[in-house]
Structures are given as C-alpha cells and as structure tokens.
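J.:
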Amino acid sequence: MTEVALYPRPEMVAFQNMVRPLHVFEPRYFQMVNDCVRDDRALGLSHSRKLLRAASDEQSPDEMWQSNQSTYLPFDVYSVGRCEIVNITDDGRVHVMVHVEERMQTVSEVQVLPYRIVDARPYGDESEQRRLLGEVNEKLIDVFGALRPRLAKTFLSSEWLDLWPYDASFEIFSHLRFEGDLMQAVLACRRPSERLKMIFDTLDQFDAERQ
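FYI, the numbering for the sequence shown is 1 to 211, going by UniProt numbering.
#1: Between SER108 and the rest of its own chain, which residues show a CB-CB distance below 8 Å, the 5 nearest in sequence each way excluded?
#2: Between which residues of its own chain and PRO192 is the CB-CB distance below 6 Å, once the five residues before and five after are set aside?
#3: In the DSSP assignment, find the alpha helix (DSSP H) that holds GLN205 and state where it starts and stops.
#4: Compute the distance between the beta-carbons of VAL77 and ALA14, then report whether it is under 8 Å.
#5: GLY44 and VAL94 - do their beta-carbons sit closer together than 8 Å?
#6: Taking Cβ positions, are ASP39 and VAL143 nearer each other than 8 Å?
#7: How about SER46 and TYR7: do their beta carbons lie closer than 8 Å?
#8: When burial is assigned at 16 or more other CB atoms within 10 Å of the CB, is ARG190 buried or exposed?
#9: Return the chain-ordered list of same chain residues with a C-beta closer than 6 Å to the C-beta of ASP201, the five sequence neighbours on each side being excluded.
#10: Using three-state DSSP, classify LEU163 as helix, strand or coil.
#11: By DSSP, does ASN87 sit in helix, in strand, or in coil?
#12: Rounded to the nearest angstrom, how far is the Cβ of ILE35 from that of ARG41, given a contact under 8 Å?
#13: Between GLU138 and PRO122, how many whole angstroms is the CB-CB distance? I'm expecting something under 8 Å.
#14: With a threshold of 16 other CB atoms inside 10 Å of the CB of ALA146, please say whether the residue is buried or exposed.
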C-alpha cells in the first residue's frame, strides 16, 4: 500500500507523465503540500464526486486567502505523483508542480482532517491474466471459505490481492499443495494465463467433487 494525500477539486483530472501546476492558498492544503515534500508522500489529484461543504459567500478576499474553502468528496480512482514547490508568493499562495506518475485506487482512509490521506494501491489496466486471477481468487474463496477460513482470509488480504498475475501463479503454492504432475506442469509453463487456467480448472474440479 502507498499513503496518498488527496487534493480533490472539480475537473481535477490528470494522467501519467503529465506535469500539473497547482496554485494553493488554503491553509490545510498549504500544510498538505509541505507535508508531502517533507515526508516524500505522494499527492493525488482527484476529480470530485460532490460538494461536502460550501465556502461562505460573505468572505472578503483577505479572509478567503486565509481560510479553508469548499470541501469536496474525491473519486476512488485518481492520478498520483510527487510535488515540487516552485514559488511562494507574498500573499501566501504556493505554486506547485505535480509530476504525475501513475493511477491509484483508494483502499482505506488514514485521516480526514485537516486534509484527506488514504492508503491506495496501483490501478492498472485489466488484462486476460488479471481476469483469470480474479476467477482463481473467487474460486479459492468458494472452496476454502468454509473449509479453511484462516486460509480464505489470506486470499482476501491486500498483500495477496496486490500480487501481479505472474507472481500469484507461483505464490499460491506457498499456501496450497497440489499433485506433483500439476505443479510440474505449472513450473514448466511459460505463460501466466495458462498457469492460472490450470490452477482454476483444478480448483473447479475439486469444488465440483465435494458438492
């Protein structure tokens, strides 16, 4: 997991390899940027789903620059990168460049105030291998959910779900033992999708026989 500080704003959508400028003036986000630079924490640029709290219409310009404004609910998928403070103006605004690196997805919240920090994981494109791994995971839970609940919990953990299909097609044998011929076939197979298909078919057969 990666800790990400979120900066939610309407229309705040960026893509990897972009450099996105920000002009920050709210105290909470001024603190967020400083904390990200100090702690080498990733900053997430998120489009907003809805307005949670609106700013006051009666603020003077000076009050606006010195107070927190509207609060928005972020989407669960966003782009993240490292931020670089370029300049701090005389009136307290901070010019920041965010070097966008990758897409990520929120897993859980770490903090909400004064700004939102989440635990996030990479959000890659779906592939045939990823689809097959999803089917294997579902079958693992179906088979072992009642038989071996502690083992099923392993296959629901973030450590397991974050594995790439290549790694998962071998790592599964750290938790389960299959017949030697199957394990040898998996060992000799050079395509992750075929390895996952062999594992799924074996689990599916076992599931059918026990019912």
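Even glycine gets a Cβ: it sits at the ideal position worked out from N, Cα and C. Treat the numbers as computed from the prediction; the structure is a model and nothing was measured.
T.: A quick look at the data gives this:
#1: The residue labelled residue 108 in the question sits at position 108 within the sequence shown. The residues are VAL118, ASP119.
#2: As a first step, residue 192 is located in the sequence shown; it is residue number 192 there, counting from the start. Once the five neighbours on either side are set aside, the close Cβ partners of PRO192 are GLN129, PRO165, TYR166, SER169.
#3: Taking the first residue of the sequence shown as 1, we reach residue 205 at position 205. It spans 192–210 - the alpha helix (DSSP H) in which GLN205 sits, taken as one unbroken run.
#4: Walking along the sequence shown from the start, residue 77 turns up at place 77. Walking along the sequence shown from the start, residue 14 turns up at place 14. It is not a contact, given that the beta carbons lie outside the stated cut-off.
#5: Taking the first residue of the sequence shown as position 1, residue 94 is located at position 94. Taking the first residue of the sequence shown as position 1, residue 44 is located at position 44. No. Outside cutoff.
#6: Here residue 39 refers to the residue found at position 39 of the sequence shown. Here residue 143 refers to the residue found at position 143 of the sequence shown. Result no, Cβ atoms of ASP39 and VAL143 do not sit closer than 8 Å.
#7: For this step, residue 46 is matched to residue 46 along the sequence shown. For this step, residue 7 is matched to residue 7 along the sequence shown. The answer is yes: Cβ separation under 8 Å.
#8: Along the sequence shown, one-based indexing puts residue 190 at 190. So ARG190 counts as exposed.
#9: Taking the sequence shown and counting its residues from 1, the one referred to as residue 201 is at position 201. Within the same chain, ASP201 has no close Cβ partners at all.
#10: Residue mapping note: residue 163 aligns to position 163 of the sequence shown, counting from 1. The answer is coil: DSSP assigns LEU163 none of H, G, I, E or B.
#11: Within the sequence shown, the letter at position 87 stands for residue 87. It is a strand residue.
#12: As a first step, residue 35 must be located in the sequence shown, where it is residue number 35. As a first step, residue 41 must be located in the sequence shown, where it is residue number 41. The residue you asked about is not Ile; residue 35 is Asp in the sequence shown. About 7 Å separates the two Cβ atoms, so the contact holds.
#13: The residue labelled residue 138 in the question sits at position 138 within the sequence shown. The residue labelled residue 122 in the question sits at position 122 within the sequence shown. Actually they are not in contact, since the Cβ atoms of GLU138 and PRO122 sit about 21 Å apart, beyond 8 Å.
#14: Here residue 146 corresponds to residue number 146 of the sequence shown, with the count starting at 1. ALA146 should be labelled exposed.
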